[in-house]
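Residue numbers (my numbering), protein chains in the order written: chain A, 84 to 192; chain B, 84 to 192.
C-beta atoms are modelled at their ideal positions from N, C-alpha and C, and glycine is treated no differently.
A short worksheet on the structure shown next.
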DNA sequence: TAAGTAACTTACTTTATGTAACTAACTTTA
DNA sequence: TAAAGTTAGTTACATAAAGTAAGTTACTTA
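Given below as structure tokens:
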């Protein structure tokens with residue numbers, strides 16, 4: 084018998100972080116504020132999906148959107164404290180990947 | 084200018100871990116070997132998707148499948164060393180979620 | 001006036017996931 | 001011996017999520 088039950092907070096955290104692109108967007112933003120077009124280029128995410136994810140992340144308080152009314156307009160996305168608080172998780176994933184992920188074809192996907 | 088580039092190992096790790104259900108399946112297995120039906124019940128994942136994920140995880144070397152030819156047959160899935168090596172990441176997510184995830188409606192999804 | 005630019009949005013296609021019924025292989029019950 | 005139960009799947013079909021590529025808005029520069 085196994086009485087282990089999933090912690091609802093953990094489950095929720097995973098449901099947020101494991102949405103496609105979310106973790107990469109946050110990781111990307113740890114290097115500093117970024118523009119929309121930069122993110123689509125560097126991540127390879129479609130504009131449509133990036134729009135959706137950034138809106139969700141803004142609503143959840145991970146990201147802020149700043150408008151600079153220059154010409155052409157510059158809009159920058161950056162991490163809030165809550166967004167930054169994910170850094171230790173990113174670091175662990177980085178650490179793990181450098182030890183366990185091979186880049187040759189045997190493990191490719 | 085921003086010259087930050089995504090680390091390909093990190094990207095790959097994230098692409099594995101952020102596939103829907105994968106992190107929860109691994110987390111669930113950290114509590115010990117589990118059967119197919121137990122996992123569908125506890126996680127709420129469909130049988131079809133669980134089959135797919137377990138096959139992927141087996142191929143990638145995170146999980147092993149053991150058959151006990153009892154009656155009715157018992158099949159148990161458990162983590163390999165590689166699967167277990169993800170524990171520190173899970174712990175970080177757990178730690179983060181206990182601090183930053185609220186369970187009330189304001190943060191609901 | 002035409003073309004350029006950034007940040008989206010929209011219509012449509014493809015892929016991923018869910019649902020629920022079905023199968024295989026074996027055992028127990030009536 | 002035929003019917004029903006059990007686990008671990010599989011299959012066909014439906015819905016949801018993500019990608020693609022063209023279009024939109026609001027400005028500016030050539």
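Status (buried if at least 16 other CB within 10 Å, exposed otherwise) for residue i
i             : result
residue 180/B : buried
residue 151/B : exposed
residue 146/B : buried
residue 142/A : exposed
residue 166/B : buried
residue 162/B : buried
residue 153/B : exposed
Beta-carbon neighbours of residue i, restricted to chain B and to distances below 8 Å
i             : result
residue 94/A  : 107
residue 176/A : 93, 96, 97, 100 and 172
residue 110/A : 89, 93 and 97
Same chain, Cβ closer than 7 Å to residue i, five either side skipped, listed in chain order
i             : result
residue 106/B : 100
residue 125/B : 111
residue 169/B : 109
residue 85/B  : Its pLDDT being 32, under 50, residue 85/B is placed unreliably by the model, and the measurement read from it follows with that caveat. Once the five neighbours on either side are set aside, residue 85/B has no close Cβ partner at all.
Residue closest to residue i, alpha-carbon to alpha-carbon, out of the options
i             : options                      : result
residue 98/A  : 140/A, 119/A and 153/A       : 140/A
residue 121/B : 160/A, 89/A and 96/A         : 89/A
residue 118/B : 156/B, 144/B and 92/B        : 156/B
residue 115/A : 186/A, 164/A, 92/A and 175/A : 164/A
Close-in-space but distant-in-sequence residues of the same chain around residue i (CB under 6 Å, 5 per side omitted)
i             : result
residue 108/B : 136
For residue i, three-class secondary structure by DSSP
i             : result
residue 159/A : strand
residue 117/B : strand
residue 92/B  : helix
residue 146/A : strand
residue 190/A : With a pLDDT of 46 at residue 190/A, under the threshold of 50, the predicted position of this residue should be treated as unreliable, though the coordinate-derived value follows. Note: residue 190/A maps to helix in three-state DSSP.
Proximal residues of chain A, C-beta to C-beta of residue i below 9 Å
i             : result
residue 148/B : Going along chain A, no residue has its Cβ under 9 Å from residue 148/B, so there is no contact; the nearest lies around 17 Å.
Close-in-space but distant-in-sequence residues of the same chain around residue i (CB under 8 Å, 5 per side omitted)
i             : result
residue 104/A : 126, 128, 132, 133 and 136
residue 200/B : Residue 200/B lies beyond the range of chain B shown here (84 to 192); nothing can be said about it.
residue 173/B : 106, 109, 110 and 113
Interface partners of residue i on chain B, CB under 9 Å
i             : result
residue 158/A : Those within 9 Å of residue 158/A in chain B number zero; the least Cβ separation is about 15 Å.
residue 186/A : 91, 92 and 95
Chain A residues whose Cβ lies nearer than 8 Å to that of residue i
i             : result
residue 165/B : 183
residue 168/B : 179, 182 and 183
Chain B residues whose Cβ lies nearer than 7 Å to that of residue i
i             : result
residue 103/A : 101
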